[in-house]
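Report on the structure given below.
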Amino acid sequence: IQRSFSSSVVRNVVIKNVTIIGGGQMGAGIAQVAASTGHSVTLVDMTDDILKKAMKGIQGSLRRVVKKKFSDDPESGDDFIQKVMQNVSTTTNPAAAVTTSDLVVEAIVENMKIKQDLFGFLDKMAPEHTIFASNTSSLPISDMASATSRPDRCGGLHFFNPVPMMKLVEVVATSSTSPETSESLLNFTKALGKTPVCCKDTPGFIVNRLLVPYMMEALRLHERGHGSKEDIDIAMKLGAGYPMGPFELSDYVGLDTIKFITDGWREKEPDNPLFAPSDLLNKLVAEGKLGKKSLEGFYKYNK
Ligand code: NAI
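Each residue of the sequence shown is one higher than the one before, starting from 16 at the first, in the UniProt record's numbering.
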């Protein structure tokens with residue numbers, strides 16, 4: 016009888032205990048969704064203050080969910096919130112947080128060295144079967160995996176903002192990710208009520224690889240004087256059926272984020288015209304006009 020063996024020592028991990036490192040915008044959202052779907056979640060960040068803020072944010076977001084879902088039964092809504100909140104614990108000690116973890120999802124600052132240090136450190140603390148996933152938007156997962164002794168149990172889980180609303184998760188496999196790890200990550204994503212797509216560990220995966228050059232092309236078209244921001248936005252909304260135009264979307268994503276991503280890609284592929292810099296983007300970022308979050312980007316916003 017022929018049997019196929021995988022490099023992974025672990026098969027089909029069913030993910031129940033989830034450790035999320037980074038309780039910012041994305042980490043808090045992932046924690047909320049995982050806790051809402053019955054997972055046991057430990058949320059880790061650097062200070063108790065940040066964690067308190069994250070928990071408050073999760074509670075507020077759950078209230079909005081419940082208002083819609085339980086509109087005619089507010090009591091069940093309150094019960095739901097309480098149950099979900101009970102599924103989340105917080106700590107500033109990542110080493111302690113991973114000792115019973117099936118899955119670690121990293122959603123910290125977008126910096127390779129810091130992510131590698133975290134993965135390398137947690138690798139020594141986490142049980143053998145624990146899968147490590149990164150929510151990075153722009154950095155190679157394989158570089159993080161190489162900081163561990165378990166590259167077969169490393170992959171990407173790329174969520175979209177706002178996590179409770181956005182249905183998609185890009186499940187990223189590097190050349191070392193085992194099929195069992197991919198399967199566990201796909202199953203986890205489905206258990207969250209999300210729709211997964213499989214991606215390779217390539218810059219921008221699927222969504223950002225198409226979306227960021229599109230936003231940059233809109234910018235360049237405008238810079239050449241071939242269309243106003245307003246007209247380009249109207250054109251793509253009414254002509255292509257997009258819910259936001261490229262400039263509205265850029266402001267929503269954050270102009271600093273778009274610059275950071277394109278700058279990173281350009282370093283790897285300097286001759287790719289899709290990754291060419293934009294003077295207008297650089298100028299706005301230098302002026303601190305980062306989009307919605309700073310109340311001004313391509314457009315102005317009220318608080
Ligand atoms: P954020 O700045 O809102 O949150 C990051 C959190 O990580 C902060 O609370 C910070 O205190 C914490 N942190 C930093 N270093 C840490 C460490 N060593 N240990 C524990 N906690 C640490 O950032 P955001 O937007 O949530 O992004 C996080 C990750 O998610 C990044 O890798 C980003 O590329 C990715 N991402 C962001 C999206 C977005 O739209 N904001 C979308 C998809 C992915």
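Each residue gets a CB set at the ideal place from its N, CA and C atoms; glycine is no exception.
For residue i, the first and last residue of its enclosing beta strand (DSSP E)
i, result
"residue 351", "In the structure as shown, the chain starts at 16 and stops at 318, and residue 351 therefore has no counterpart that could be examined."
Which residues DSSP lists as bridging residue i, in chain order
i, result
"residue 184", "211"
"residue 104", "57"
"residue 149", "121 and 171"
"residue 284", "Answer is none; residue 284 lacks a bridge partner."
"residue 306", "311"
Secondary structure of residue i, DSSP reduced to three states
i, result
"residue 35", "strand"
"residue 71", "helix"
"residue 22", "Note that residue 22 scores 44 on pLDDT, short of 50, meaning its location in the model is unreliable and no value can be drawn from it."
"residue 249", "helix"
"residue 229", "helix"
"residue 221", "coil"
"residue 190", "coil"
"residue 297", "helix"
"residue 240", "coil"
"residue 62", "coil"
"residue 141", "coil"
"residue 76", "helix"
"residue 202", "helix"
"residue 235", "helix"
"residue 216", "coil"
"residue 197", "helix"
"residue 272", "helix"
"residue 166", "helix"
"residue 99", "helix"
Residues of its chain near residue i, where Cβ-Cβ distance is below 8 Å and the 5 sequence neighbours each way are ignored
i, result
"residue 250", "242 and 260"
"residue 267", "259, 306 and 307"
"residue 20", "The predicted position of residue 20 is uncertain, since its pLDDT is 42 and thus under 50; a value taken from the coordinates is nonetheless stated next. For residue 20, where only same-chain residues beyond five positions count, there are no Cβ hits under 8 Å."
"residue 62", "107"
"residue 281", "287, 290, 291 and 292"
Top-ranked residue by Cα proximity to residue i, from the options
i, options, result
"residue 32", "141, 40 and 85", "141"
"residue 235", "37, 90 and 290", "290"
"residue 72", "94, 45 and 61", "45"
"residue 93", "165, 53 and 78", "78"
"residue 283", "298, 262 and 217", "217"
"residue 108", "131, 246, 155 and 58", "58"
"residue 128", "304, 228 and 160", "160"
"residue 146", "198, 47, 309 and 179", "198"
"residue 220", "315, 123 and 188", "188"
"residue 275", "286, 257 and 297", "297"
"residue 60", "179, 69 and 192", "69"
"residue 154", "301, 55, 28 and 272", "272"
"residue 135", "224, 50 and 158", "158"
"residue 206", "47, 90, 54 and 41", "54"
"residue 174", "248, 208 and 299", "208"
"residue 122", "80, 237, 152 and 101", "152"
"residue 178", "43, 315, 83 and 30", "43"
Chain-order list of residues whose beta-carbon lies under 6 Å from that of residue i (same chain, five-residue window excluded)
i, result
"residue 252", "260"
"residue 304", "311 and 312"
"residue 257", "251"
Spatial neighbours of residue i in its chain, beta-carbon cut-off 7 Å, leaving aside the 5 residues before and after
i, result
"residue 113", "34, 119, 137, 140, 141 and 145"
"residue 201", "186 and 211"
"residue 23", "Bear in mind that a pLDDT of 44 at residue 23, under 50, signals an unreliable position, so the model cannot answer this."
"residue 28", "117, 144, 146 and 199"
Opening and closing residue of the alpha helix (DSSP H) in which residue i lies
i, result
"residue 265", "261-268"
"residue 88", "No alpha helix (DSSP H) holds residue 88; DSSP gives it neither H nor E."
"residue 155", "Residue 155 -> no alpha helix (DSSP H), and no H or E assigned at all."
"residue 51", "40-51"
"residue 109", "109-112"
CB contact check: residue i to chain B, cutoff 8 Å
i, result
"residue 200", "Protein chain content of the structure displayed is limited to a single chain, and chain B is not contained in it."
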